[in-house]
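Here the structure comes first, spelled out in structure tokens, and everything after it is commentary.
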Amino acid sequence: MKDWEYRLAEHRGTLTALAIFVVMFIIYTANHPAGFTANVIQTAANKGVLLAFVAMAQTMVVITAGIDLSVGMIFLLTNCLASWLVVGSPLETAFGVLVVLAVGALCGATNGAIVIYGRLQPIVATIATGAVYFGIALLLRPFPGGSVNEHLADALTGRIFAVVPASLVALAAVVLLIWVPFSRSVYGRAAYAAGSSETSAYMSGMPIRRGKLLAYTLSGLVAALGGLFLTFFTYTGDAAFASGNAYTLFSIAAVVLGGVSLFGGKGSAIGAVFGALAFRTIGDLLFVFDLDPLWQPLFQGLILLAAISLGALALFRVRNRLEWFL
Amino acid sequence: MENGGPLFRMEGISKRYGGVRALENAGLSVRAGAIHAVLGENGAGKSTLIKIMAGVVAADEGQMTLDAQPVKFASPAAANAAGIACVFQELSLIPELSVADNIVISNPPTRFGMIDRKAQRRIAEEALARAGAADIHPLALVKDLPLSRKQIVEIAKALARKPRILILDEATSALTAADVSKVFAVLKRLRAEGLALVYISHRMNEIAELADDCTVFRNGSKVASYAAGTRSDAEVIEMMIGREYHSVYPPKPGRLAQIAPVLETRNLSWADRLHDISFSLRSGEIVGLGGLDGQGQRDLLLALFGVLRGLRGTVLVDGSPISIGSPAQARRHGIGMALIPEDRKTEGLMQPMTVRDNLSLASLDRLTRGGIIDRAKEESAINQMMTLLAIKAGNIDAPVGALSGGNQQKVVIAKWLMRQPRIILLNDPTRGIDVGTKQEIYLLLRRLADEGAAILFYSTDYAELIGCCDRVLVLYDGTVKRELAGAEITERALIASALNIPSAEPTQREPAQ
Chain A
1254 MKDWEYRLAE HRGTLTALAI FVVMFIIYTA NHPAGFTANV IQTAANKGVL LAFVAMAQTM
1314 VVITAGIDLS VGMIFLLTNC LASWLVVGSP LETAFGVLVV LAVGALCGAT NGAIVIYGRL
1374 QPIVATIATG AVYFGIALLL RPFPGGSVNE HLADALTGRI FAVVPASLVA LAAVVLLIWV
1434 PFSRSVYGRA AYAAGSSETS AYMSGMPIRR GKLLAYTLSG LVAALGGLFL TFFTYTGDAA
1494 FASGNAYTLF SIAAVVLGGV SLFGGKGSAI GAVFGALAFR TIGDLLFVFD LDPLWQPLFQ
1554 GLILLAAISL GALALFRVRN RLEWFL
Chain B
12 MENGGPLFRM EGISKRYGGV RALENAGLSV RAGAIHAVLG ENGAGKSTLI KIMAGVVAAD
72 EGQMTLDAQP VKFASPAAAN AAGIACVFQE LSLIPELSVA DNIVISNPPT RFGMIDRKAQ
132 RRIAEEALAR AGAADIHPLA LVKDLPLSRK QIVEIAKALA RKPRILILDE ATSALTAADV
192 SKVFAVLKRL RAEGLALVYI SHRMNEIAEL ADDCTVFRNG SKVASYAAGT RSDAEVIEMM
252 IGREYHSVYP PKPGRLAQIA PVLETRNLSW ADRLHDISFS LRSGEIVGLG GLDGQGQRDL
312 LLALFGVLRG LRGTVLVDGS PISIGSPAQA RRHGIGMALI PEDRKTEGLM QPMTVRDNLS
372 LASLDRLTRG GIIDRAKEES AINQMMTLLA IKAGNIDAPV GALSGGNQQK VVIAKWLMRQ
432 PRIILLNDPT RGIDVGTKQE IYLLLRRLAD EGAAILFYST DYAELIGCCD RVLVLYDGTV
492 KRELAGAEIT ERALIASALN IPSAEPTQRE PAQ
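So the sequences go chain by chain: A and B.
For the first sequence, this note's numbering begins at 1254 and goes up steadily by one.
For the second sequence, this note's numbering begins at 12 and goes up steadily by one.
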């Protein structure tokens, strides 16, 4: 095999997710009454970016062979916190943003510490912490309300040069400034290694604990970025239990669509971002085809099932049945 | 050769796991520029000793000195930093990462806080070349490599750390003769470069070829240290097992009657891995599969056992063509096939489940009444197997993972024997197992054959093929290159046909070079 073939194989999951998204988005805009306009793209971007942040957060934990069921609740908690703090003068707003991000990172680090040092299963640990985070969110915002610095909100949800959606630029910046350095750092590799084979990673003398803790912390931070953007879009804080749970579950679907293995050690947050965007487009597709809203969840489920099955197509080509179980 | 005392020394080392004594007042002293062989049966404490040396576990008592300075290693990383690298028997590679990622894993080159991929690639290529395996692509994923290549990557990984002391724990157990000779050349070069090497192996000929110093362990204590070549093989083995050493192989029955074969294949092919394999296997016969590792032996066993899809050619059982679509079909009455897999950890056993559950797993259909497991029937079947194979397990309700490697392998074999299979396929069943257990397995195989089983036996150890088999099929590039029978089975013939070179028999002409 040549170098490029190995590289292609490495990025196959991400490229598949990209292809699924592009095809769906073309079908969407082609059938949209307004067509491929800056407005349509801005709306789609703003909807997709929220799930993309949460999915990116989920990816960081899934790579270590964990799963984060509290990610939607961190997203809600930081949303509620932002609706109190991200207000006032530019200085106060900046301070508020920092506090919100720090709280998100702290939530993630707490999850990580419990899983790594407490040796609890990630799935149960994050169910418990998720309930705690939601409880705090509810105390912060028993009823929907609050406000946000509208200049900042409008700047980050509007368009740059009247064409490019600012939220997409922000998403790309987060990928470049957080995900790429993380995945190429020693700790990032330790997180991958721990997800693939923790014993081997330990025997190789890798910093697995710090790698995993960093992955969980960054996961909380990215979820908080999602929470911030939710506040920018809605101008309010709202501790809506159903919404938090939906984001958690959708983020897992997006991660799988994006070619990230739930067994850990494989995949990229960039794939998960395209998975999230594709997932959102599924919902929009049904909208442009003017389907009865009553049918939407059912069709959304079927399309999702079909999209995830694409990843399983390779199994039909497997000639050694033992590879089914890898 | 003594140049200023030992480089590394361990003294009075003791270690207990729960109530079990693994090491008692053990010691080891290694010098630079020499290969030190550590010998002993499985369970003699060798693994524990090197784990302490490599910082994987901490000793309860005792001291270690490096350059005459006392040292303590809290983790494998600390031992690495002190210049001790270890190639473990249980591979420590990360399957989802590439070869290059794995090689630099404990100390990747960084630029601006990120891993420098170009430098990583360079280091990996250099290390692979140093380990004599420049043909392995640095971008290949480790999980896609065959076991013997993984082992070489493991050695390259240890070399990339530029160690002063390199420990090899059964590092050649998965390698074929050709790979072994490459690795030996590498080890000798490293010795000349002044490294101290600690070498653990069950293969006596390897130790004879490599070692400068030897230390024998038995029951957690050091029995003797001596300069290589000063004791005979028989003396060494006697020190190891503490009993007299006879020929480990049972006698062969000689020429077998030409009865109809139980299993036969005609032109069996699969993908680009197996080509036109035709052979037959009779009841009462042990047929070996030889050749270099990865020449299709494993694929052939999997094909027969119904694991591979898209097979071409015919498989006949009792003379009638059949198609086997899964292991469940292969083990069915009328075929009665069993496969003892290569990797007991993943394919042979459910490690966290009990010895009892593992033993009855393959025969549950025969031990149930109305869908419920008949405990009495299960108990008697298990007892029968425990006695037959002399499995040493404190408690059959303990997890199977707690047993020693040899006893785990016995459980894998017992689990299939419980079905009284007529056709037994074995995939390198004695890898990493101590001499005593190996001998028991050889005796068992011969007894099963005498009782009427037909056995197909793949081994990477030529001595086993010579000692156990009535016939040997040598595979090369997915096809049977040569069939050896009876007295033809010699090391020379096996190696020559494995490398696909005409053996130096007088009747054959050497091709012009």
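We treat Cβ as the ideally placed atom computed from N, Cα and C, and that holds for glycine.
Alpha carbon of residue i to alpha carbon of residue j, nearest angstrom
{"i": "L1373/A", "j": "L1354/A", "result": "25 angstroms"}
{"i": "V1571/A", "j": "L1430/A", "result": "38 angstroms"}
{"i": "D1543/A", "j": "N1284/A", "result": "10 angstroms"}
{"i": "V1307/A", "j": "S58/B", "result": "45 angstroms"}
{"i": "A145/B", "j": "D283/B", "result": "24 angstroms"}
{"i": "L1422/A", "j": "A1447/A", "result": "At residue 1422/A the sequence reads Val, which differs from the Leu that was named. Roughly 32 angstroms between the two C-alpha positions."}
{"i": "A1495/A", "j": "A314/B", "result": "51 angstroms"}
{"i": "A460/B", "j": "A239/B", "result": "39 angstroms"}
{"i": "A37/B", "j": "D78/B", "result": "19 angstroms"}
{"i": "D304/B", "j": "S159/B", "result": "7 angstroms"}
{"i": "A235/B", "j": "A222/B", "result": "15 angstroms"}
{"i": "Q340/B", "j": "F1503/A", "result": "41 angstroms"}
{"i": "Y1386/A", "j": "A1443/A", "result": "28 angstroms"}
{"i": "G1357/A", "j": "A1477/A", "result": "5 angstroms"}
{"i": "P1434/A", "j": "L1471/A", "result": "12 angstroms"}
{"i": "L505/B", "j": "T379/B", "result": "46 angstroms"}
{"i": "F1552/A", "j": "F1278/A", "result": "17 angstroms"}
{"i": "V1377/A", "j": "R1463/A", "result": "21 angstroms"}
{"i": "N1299/A", "j": "E107/B", "result": "34 angstroms"}
{"i": "F468/B", "j": "L300/B", "result": "6 angstroms"}
Proximal residues to residue i (C-beta, below 7 angstroms), its chain only, five neighbours per side dropped
{"i": "T1501/A", "result": "L1322, V1324 and G1325"}
{"i": "G51/B", "result": "K57, V227, F228, R229 and M251"}
{"i": "I1294/A", "result": "P1418"}
Where residue i sits in the DSSP three-state scheme
{"i": "M1254/A", "result": "coil"}
{"i": "R482/B", "result": "strand"}
{"i": "K173/B", "result": "coil"}
{"i": "Y1488/A", "result": "coil"}
{"i": "A144/B", "result": "coil"}
{"i": "L1261/A", "result": "helix"}
{"i": "N1402/A", "result": "coil"}
{"i": "E217/B", "result": "helix"}
{"i": "V194/B", "result": "helix"}
{"i": "I288/B", "result": "strand"}
{"i": "P1343/A", "result": "helix"}
{"i": "E22/B", "result": "strand"}
Sequence-distant residues of its chain with Cβ nearer than 6 angstroms to residue i (five each side left out)
{"i": "F1274/A", "result": "F1527, L1530 and A1531"}
{"i": "A1366/A", "result": "none"}
{"i": "L1424/A", "result": "V1302 and A1305"}
{"i": "G1626/A", "result": "Residue 1626/A is absent from the model: chain A starts at 1254 and stops at 1579."}
Cross-chain neighbours of residue i in chain B, by beta carbon under 8 angstroms
{"i": "V1314/A", "result": "Per Cβ cutoff of 8 angstroms: no residues; V1314/A is ~16 angstroms from chain B at best."}
{"i": "K1300/A", "result": "Within 8 angstroms Cβ-Cβ: nothing; K1300/A doesn't reach chain B, min ~32 angstroms."}
{"i": "Y1370/A", "result": "What Y1370/A touches in chain B: nothing, since even the nearest Cβ is about 16 angstroms away."}
{"i": "S1607/A", "result": "Residue 1607/A cannot be examined here, being either before or after the span of chain A that is shown, 1254 to 1579."}
Neighbouring residues, chain A, relative to residue i (Cβ below 7 angstroms)
{"i": "G321/B", "result": "R1572"}
{"i": "A404/B", "result": "Result: empty, since nearest Cβ-Cβ is about 23 angstroms, beyond 7 angstroms."}
{"i": "S103/B", "result": "S1453, M1456 and S1457"}
{"i": "A282/B", "result": "R1572"}
{"i": "V318/B", "result": "N1573, R1574 and L1575"}
Chain A contact residues for residue i, given Cβ-Cβ distances below 8 angstroms
{"i": "V49/B", "result": "Chain A residues near V49/B: none, gap ~19 angstroms exceeds 8 angstroms."}
Chain A residues whose Cβ lies nearer than 9 angstroms to that of residue i
{"i": "V67/B", "result": "Y1455 and M1456"}
{"i": "V326/B", "result": "Correct list: empty, because the minimum Cβ distance to chain A is about 16 angstroms."}
Close Cβ partners of residue i (< 8 angstroms) along its chain, the five nearest in sequence each way excluded
{"i": "D310/B", "result": "W281, R284, L285, L319 and G489"}
Proximal residues of chain B, C-beta to C-beta of residue i below 7 angstroms
{"i": "D1256/A", "result": "L150"}
Members of the stretch 106-127 of chain B that neighbour chain A once the beta carbon cut-off is set at 7 angstroms: P106, E107, L108, D112, I116, S117, P119, T121, G124, M125 and I126
In the stretch 294-315 of chain B, which residues sit with their C-beta less than 9 angstroms from some C-beta in chain A, listed in chain order? D310 and L313
Using a Cβ cut-off of 9 angstroms, which residues of the stretch 70-99 of chain B contact any Cβ in chain A, in chain order? S86, P87, A88, A89, A90, N91, A92, C97 and F99
When you check each C-beta in the stretch 173-197 of chain B against every C-beta of chain A, which residues fall closer than 8 angstroms? none
Where the stretch 1425-1447 of chain A meets chain B: residues whose CB sits under 7 angstroms from a CB there: P1434, R1437, S1438, V1439, R1442, Y1445 and A1446
At a Cβ cut of 8 angstroms, what residues of the stretch 137-165 of chain B count as close to chain A, listed as they run along the chain? H148, L150, A151, L152 and K154
The stretch 1519-1531 of chain A: which residues have C-beta closer than 9 angstroms to a C-beta of chain B, in chain order? K1519
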